[in-house]
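Data first, discussion second: the structure below is written as structure tokens.
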Amino acid sequence: MDIRSWKVPYEPILFDNLSFCEVKSEALLQHKGKSVYRIFGEIDAMKVQSSMTLFDAISPNDVFGKVLDQFYGGVRDKRTLELLGEDKDDIT
6 MDIRSWKVPY EPILFDNLSF CEVKSEALLQ HKGKSVYRIF GEIDAMKVQS SMTLFDAISP
66 NDVFGKVLDQ FYGGVRDKRT LELLGEDKDD IT
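The numbering of the sequence shown is our numbering, which starts it at 6 and goes up by one.
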């Protein structure tokens, strides 16, 4: 599911927000070797994992998967995948 193919009334807002998140995610990748938990703290690190999982599901092969790979060992947030209806075993 790639939102760039969606034809919805909110398309410009979605693309703007996704673009903003892409820029911030690229900046996060600059912190290679650091723990995401030290950068954000435990609660916010969980939120980042959930958000990256969501963004990766709607825009695959993008920076969001790289963040998950670098900071979470490629593990997607289980609850987010459940809410999306994705099979967690198919996405790692």
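Ideal placement from N, C-alpha and C gives every residue a C-beta, glycine not left out.
{"Check": "How would you label V28, buried or exposed, when you count the other beta carbons within 10 angstroms and need 16 or more for buried?", "Outcome": "exposed"}
{"Check": "Short of 8 Å in beta carbon distance, which residues of its chain neighbour K37, apart from the five on each side in sequence? Order them along the chain.", "Outcome": "Q75"}
{"Check": "Quick one: using the 10 Å Cβ neighbour count with 16 as the cut-off for buried, is S30 buried or exposed?", "Outcome": "buried"}
{"Check": "Is the CB-CB distance between L89 and F60 below 8 Å?", "Outcome": "no"}
{"Check": "Please look up how many angstroms separate the CB atoms of D82 and T58, rounded, as I've assumed it's under 8 Å.", "Outcome": "4 Å"}
{"Check": "Between which two residues does the alpha helix (DSSP H) harbouring S55 extend?", "Outcome": "47–63"}
{"Check": "Give the DSSP-derived three-state secondary structure of K71 in the structure shown.", "Outcome": "helix"}
{"Check": "I need the straight-line Cα distance from K39 to I48, nearest angstrom please.", "Outcome": "17 Å"}
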